[in-house]
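First to last, the protein sequences are chains A and B.
Every number in the numbering used here is 695 more than the matching position in the first sequence, counting from 1.
Every number in the numbering used here is 695 more than the matching position in the second sequence, counting from 1.
Each residue gets a CB set at the ideal place from its N, CA and C atoms; glycine is no exception.
To keep things clear, I will list the structure first and then write my remarks on it.
Number of protein chains: 2
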Amino acid sequence: VERRIRIILLESSLELVPESIRRHPKILETARRYGIPPSHVILDKSLHYDAMSAVPKKWKRGRPDIIHTTLLILLDSMAYRTGSLEVYMHTISGEVYAFAPNLRIPRNYERFKGLMAQLLRLHRVPPSDPKPLIWKAYDDLEEFVDQTGGLLLLWEKGEESTEVSVVKEALEYDYAIGIGAFPSGDFEDNTLSLSSIKRRLVGGIVLPAWSIACRILSTYENIIGVMKASD
Amino acid sequence: VERRIRIILLESSLELVPESIRRHPKILETARRYGIPPSHVILDKSLHYDAMSAVPKKWKRGRPDIIHTTLLILLDSMAYRTGSLEVYMHTISGEVYAFAPNLRIPRNYERFKGLMAQLLRLHRVPPSDPKPLIWKAYDDLEEFVDQTGGLLLLWEKGEESTEVSVVKEALEYDYAIGIGAFPSGDFEDNTLSLSSIKRRLVGGIVLPAWSIACRILSTYENIIGVMKASD
Numbered sequence: 696v697e698r699r700i701r702i703i704l705l706e707s708s709l710e711l712v713p714e715s716i717r718r719h720p721k722i723l724e725t726a727r728r729y730g731i732p733p734s735h736v737i738l739d740k741s742l743h744y745d746a747m748s749a750v751p752k753k754w755k756r757g758r759p760d761i762i763h764t765t766l767l768i769l770l771d772s773m774a775y776r777t778g779s780l781e782v783y784m785h786t787i788s789g790e791v792y793a794f795a796p797n798l799r800i801p802r803n804y805e806r807f808k809g810l811m812a813q814l815l816r817l818h819r820v821p822p823s824d825p826k827p828l829i830w831k832a833y834d835d836l837e838e839f840v841d842q843t844g845g846l847l848l849l850w851e852k853g854e855e856s857t858e859v860s861v862v863k864e865a866l867e868y869d870y871a872i873g874i875g876a877f878p879s880g881d882f883e884d885n886t887l888s889l890s891s892i893k894r895r896l897v898g899g900i901v902l903p904a905w906s907i908a909c910r911i912l913s914t915y916e917n918i919i920g921v922m923k924a925s926d
Numbered sequence: 696v697e698r699r700i701r702i703i704l705l706e707s708s709l710e711l712v713p714e715s716i717r718r719h720p721k722i723l724e725t726a727r728r729y730g731i732p733p734s735h736v737i738l739d740k741s742l743h744y745d746a747m748s749a750v751p752k753k754w755k756r757g758r759p760d761i762i763h764t765t766l767l768i769l770l771d772s773m774a775y776r777t778g779s780l781e782v783y784m785h786t787i788s789g790e791v792y793a794f795a796p797n798l799r800i801p802r803n804y805e806r807f808k809g810l811m812a813q814l815l816r817l818h819r820v821p822p823s824d825p826k827p828l829i830w831k832a833y834d835d836l837e838e839f840v841d842q843t844g845g846l847l848l849l850w851e852k853g854e855e856s857t858e859v860s861v862v863k864e865a866l867e868y869d870y871a872i873g874i875g876a877f878p879s880g881d882f883e884d885n886t887l888s889l890s891s892i893k894r895r896l897v898g899g900i901v902l903p904a905w906s907i908a909c910r911i912l913s914t915y916e917n918i919i920g921v922m923k924a925s926d
């Protein structure tokens with residue numbers, strides 16, 4: 696049985712401002728405030744709500760705070776610090792990023808968004824370092840699934856399960872556990888069709904990604920703790 | 696055995712800008728940006744680092760992000776949603792705030808800081824509502840301890856323990872579990888002397904408050920789950 700576990704944030708609500716709205720006053724205001732071009736601005740619903748009215752699937756977009764909080768929980772965990780957790784981020788535009796072991800992301804939300812803007816533009820940070828801290832590891836979710844072995848999706852329409860069963864299945868089949876990192880709406884068909892197993896937790900109650908991450912992490916840490924004790 | 700649990704964030708690194716630095720250019724810049732008086736600005740090290748050079752104990756101050764992330768974890772948990780977790784926030788200036796059941800705090804960091812500024816100024820939000828969402832429940836930590844029954848402090852110099860033991864002790868004695876919510880340095884003598892029990896987790900490794908909160912929450916949810924099953 697594999698002891699390492701992979702968690703992937705799916706369809707993460709994190710993107711640069713789409714070209715169609717880069718001239719909106721709210722976007723220009725953000726760009727001016729930070730002294731950056733509009734194409735370097737991360738879409739953030741709390742600032743750009745007015746600008747997003749004509750953006751397709753706007754209910755899934757512009758929530759970098761979800762990724763920030765969830766990454767803080769994942770990357771500050773003992774599982775990550777001890778090297779037994781791998782973390783990936785699949786974005787709403789498709790590519791999959793990987794995080795270096797022992798990485799700590801900025802605690803401050805503005806700094807986090809600045810780092811993410813650089814990542815989404817250049818596909819690695821720091822851009823010129825041969826050993827980046829975060830980098831594009833796969834072009835799309837299909838490549839991630841093909842190369843890592845499979846995906847167990849947490850989905851409120853999946854088969855009823857528990858955190859313990861989900862973690863054990865992921866370890867047994869060496870599947871990544873997928874957590875949606877968007878505010879509302881459902882997964883894309885492509886994500887659903889790439890998921891070998893679909894499970895729902897807590898009776899399908901919708902919890903934020905960070906709460907799901909906390910529950911999965913703690914369960915995993917308990918299970919590998921138990922495994923270690925019975926060696 | 697009591698099944699409810701209380702978690703209190705201790706010496707939370709959250710405050711209005713102290714009077715001595717309200718005329719610093721960095722503070723005035725923040726006040727101007729939000730169109731508020733300097734006295735309504737929450738101290739934030741990521742913005743006000745330069746202004747904080749002469750502030751006493753500056754290493755413990757100006758980190759509202761710690762409280763934001765930790766409250767997101769606590770208040771979005773199943774334990775809180777089902778009414779079995781009570782959450783309190785003791786601030787660096789001494790008073791203790793309580794949170795209404797089913798409260799969800801702003802996901803956005805700027806909005807969170809805005810809400811906290813109102814709370815710290817007026818001691819309740821919304822200010823005129825007879826049933827506030829957050830309010831000053833105790834004038835100081837001593838009053839909290841006297842009236843709620845006691846405090847079990849998580850402290851890296853405490854006696855070695857585990858999450859399971861800590862949660863069971865807290866339930867058995869009906870003590871609140873205290874988690875430090877400041878970035879570095881130690882607890883004040885007053886906090887230490889008000890703590891009936893002091894325990895350290897994960898061998899004294901220093902984890903952020905949100906990681907500790909996640910571990911305690913998950914353990915608690917497991918334990919009351921187990922209790923329910925054996926009823």
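Cβ neighbour criterion (16 or more within 10 Å) applied to Glu927(A): Since the first residue shown for chain A is 696 and the last is 926, residue 927(A) is missing from the structure and cannot be characterised.
Using the beta-carbon of each residue, which ones in chain A are nearer than 8 Å to Asp771(B)? Position 76 of the second sequence, counted from the first residue, corresponds to residue 771(B). Within chain A, the residues near Asp771(B) are Leu902, Pro903, Trp905 and Ser906.
Segment contact, 8 Å Cβ cut-off, at least three pairs: the stretch 726-746 of chain B with the stretch 900-912 of chain B: no
Give the residues from the stretch 798-824 of chain A that approach chain B closer than 8 Å (Cβ to any Cβ), ordered along the chain. Arg802, Asn803, Tyr804, Glu805 and Arg806
Using a beta-carbon distance cut-off of less than 9 Å, what residues from the stretch 738-750 of chain A approach chain B? Asp739, Lys740, Ser741 and Leu742
Which of the three DSSP states is assigned to Val875(A) in this structure? Here residue 875(A) corresponds to residue number 180 of the first sequence, with the count starting at 1. Note that residue 875(A) is Gly in the sequence shown here, rather than Val. Note: Gly875(A) maps to strand in three-state DSSP.
Can Ala832(B) and Tyr868(B) be called in contact, C-beta distance under 9 Å? Residue 832(B) sits at position 137 when you count from the first residue of the second sequence. Residue 868(B) sits at position 173 when you count from the first residue of the second sequence. No, they are not a contact pair.
Ala924(A) (DSSP reduced to helix, strand or coil): Looking up residue 924(A) in the first sequence gives position 229. A caution first: Ala924(A) carries a pLDDT of 40, below 50, which makes its placement in the model unreliable, though a value can still be read off. The answer is helix: DSSP assigns Ala924(A) an H, G or I state.
Which residues mark the beginning and the end of the beta strand (DSSP E) in which Leu846(B) is found? Locating residue 846(B) in the second sequence gives position 151, where the first residue counts as 1. For Leu846(B), the enclosing beta strand (DSSP E) covers residues Leu846 to Glu855.
Against Val712(B), what residues of chain A qualify as contacts under a CB-to-CB distance less than 9 Å, listed in chain order? Translated into positions along the second sequence, residue 712(B) becomes position 17. By Cβ distance, chain A contributes nothing, its closest Cβ being about 17 Å from Val712(B), past 9 Å.
With a cut-off of 9 Å, does the C-beta of Thr708(A) fall near any C-beta of chain B? Taking the first sequence and counting its residues from 1, one reaches residue 708(A) at position 13. Note that residue 708(A) is Ser in the sequence shown here, rather than Thr. No, because no Cβ of chain B sits closer than 9 Å to the Cβ of Ser708(A).
Going straight from the alpha carbon of Asp771(A) to that of Leu846(A), what length do you get? Residue 771(A) sits at position 76 when you count from the first residue of the first sequence. Residue 846(A) sits at position 151 when you count from the first residue of the first sequence. Using only the alpha carbons, I get a separation of about 23 Å.
Excluding sequence positions up to five away, which residues of its chain have a Cβ less than 6 Å from the Cβ of Leu815(B)? Residue 815(B) sits at position 120 when you count from the first residue of the second sequence. Once the five neighbours on either side are set aside, the close Cβ partners of Leu815(B) are Leu711.
Please report the straight-line C-alpha distance between Ser708(B) and Arg802(B), rounded to a whole angstrom. Start at 1 with the first residue of the second sequence, and residue 708(B) comes out as number 13. Start at 1 with the first residue of the second sequence, and residue 802(B) comes out as number 107. Going by the C-alpha atoms only, they are around 18 Å apart.
Could you tell me whether any Cβ in chain B is nearer than 9 Å to the Cβ of Glu916(A)? Working through the first sequence from its first residue, we reach residue 916(A) at position 221. With 9 Å as the cut-off, Glu916(A) counts as an interface residue toward chain B.
Within the 9 Å Cβ cut-off, does Ser913(B) reach chain A? Start at 1 with the first residue of the second sequence, and residue 913(B) comes out as number 218. So yes, Ser913(B) belongs to the interface.
What does the alpha-carbon distance come out to for the pair Met747(B) and Ser891(A)? As a position in the second sequence, residue 747(B) is number 52, starting the count at 1. As a position in the first sequence, residue 891(A) is number 196, starting the count at 1. Those two C-alpha atoms are separated by around 53 Å.
Assign Thr914(B) to one of two classes, buried (16 or more other C-beta atoms within 10 Å of its C-beta) or exposed (fewer than that). Numbered from its first residue, the second sequence carries residue 914(B) at position 219. With 16 or more Cβ atoms within 10 Å of its Cβ, Thr914(B) is classed as buried.
Run through DSSP, which three-state label would Phe794(B) get? Mapped onto the second sequence, residue 794(B) falls at position 99. It is a strand residue.
Whole-angstrom C-beta distance between Tyr804(A) and His763(A), which should lie under 8 Å: Indexing the first sequence from 1 puts residue 763(A) at position 68. Indexing the first sequence from 1 puts residue 804(A) at position 109. Indeed they touch by this definition, with Cβ atoms about 6 Å apart.
So which residues of chain B does Val897(A) contact, with C-beta pairs closer than 9 Å? Residue 897(A) sits at position 202 when you count from the first residue of the first sequence. In chain order: Met773.
Buried versus exposed call for Ile700(A) [16 or more other C-beta atoms within 10 Å across all chains shown]: Taking the first residue of the first sequence as position 1, residue 700(A) is located at position 5. Counting Cβ neighbours within 10 Å, Ile700(A) comes out buried, since at least 16 surround it.
Could you check if Gly757(A) is buried or exposed, using at least 16 other CB atoms within 10 Å of its CB as the buried criterion? For the purposes of this step, residue 757(A) is taken as the residue at position 62 of the first sequence. Under this definition Gly757(A) is a buried residue.
Beta-bridge partners of Glu781(A), as assigned by DSSP: The residue you call residue 781(A) lines up with position 86 of the first sequence. For Glu781(A), which the question treats as bridged, DSSP gives the partners Arg701(A).
Cβ-based burial, Lys808(B) [other Cβ within 10 Å; buried from 16]: For the purposes of this step, residue 808(B) is taken as residue 113 along the second sequence, with counting starting at 1. That one is buried.
Using 9 Å as the limit for Cβ to Cβ distance, is Ile768(A) near chain B? What you label residue 768(A) is simply residue 73 of the first sequence in a count that begins at 1. With 9 Å as the cut-off, Ile768(A) counts as an interface residue toward chain B.
Please report the straight-line C-alpha distance between Ile872(B) and Val859(B), rounded to a whole angstrom. Translated into positions along the second sequence, residue 872(B) becomes position 177. Translated into positions along the second sequence, residue 859(B) becomes position 164. Roughly 12 Å separates the two Cα atoms.
Going by DSSP, name the residue or residues bridged to Trp830(B). By one-based count along the second sequence, residue 830(B) stands at place 135. Looking at the DSSP output, Trp830(B) sits in a beta bridge with Ala793(B) and Arg819(B).
Opening and closing residue of the alpha helix (DSSP H) in which Arg894(A) lies: Locating residue 894(A) in the first sequence gives position 199, where the first residue counts as 1. Per DSSP, Arg894(A) belongs to no alpha helix (DSSP H); it is in the beta strand (DSSP E), Ile892 to Arg895.
How big is the Cα-Cα spacing for Gln842(B) and Leu889(B)? Within the second sequence, the letter at position 147 stands for residue 842(B). Within the second sequence, the letter at position 194 stands for residue 889(B). Answer to the nearest angstrom: the Cα atoms are 12 Å apart.
Could you check whether Leu836(A) and Ile702(A) sit closer than 9 Å to each other, using their CB atoms as the reference points? Residue mapping note: residue 702(A) aligns to position 7 of the first sequence, counting from 1. Residue mapping note: residue 836(A) aligns to position 141 of the first sequence, counting from 1. Taking 9 Å as the Cβ cut-off, Ile702(A) and Leu836(A) do not qualify as a contacting pair.
Sequence-distant residues of the same chain with beta carbon closer than 7 Å to Arg717(A), five excluded per side: Here the question's residue 717(A) lines up with position 22 in the first sequence. Excluding residues up to 5 positions away in sequence, Pro733 and Ser734 lie with their Cβ nearer than 7 Å to the Cβ of Arg717(A) in the same chain.
Residues of its chain near Lys740(A), where Cβ-Cβ distance is below 7 Å and the 5 sequence neighbours each way are ignored: Here residue 740(A) refers to the residue found at position 45 of the first sequence. So the qualifying residues of the chain are Met747, Gly757 and Arg758.
By a C-beta neighbour count over all protein chains shown, 10 Å radius and 16 as the cutoff for buried, is Asp745(B) buried or exposed? The residue labelled residue 745(B) in the question sits at position 50 within the second sequence. Answer is exposed; the Cβ neighbour count stays below 16.
Do you know how far the Cα of Leu798(B) is from the Cα of Pro827(B)? Within the second sequence, residue 827(B) is the residue found at index 132, counting from 1. Within the second sequence, residue 798(B) is the residue found at index 103, counting from 1. Each residue's Cα considered, the two are about 10 Å apart.
Please say whether Arg894(A) and Ser856(A) have beta carbons closer to each other than 9 Å? As a working note, residue 856(A) is residue 161 in the first sequence. As a working note, residue 894(A) is residue 199 in the first sequence. Cβ distance < 9 Å, so Ser856(A) and Arg894(A) count as in contact.
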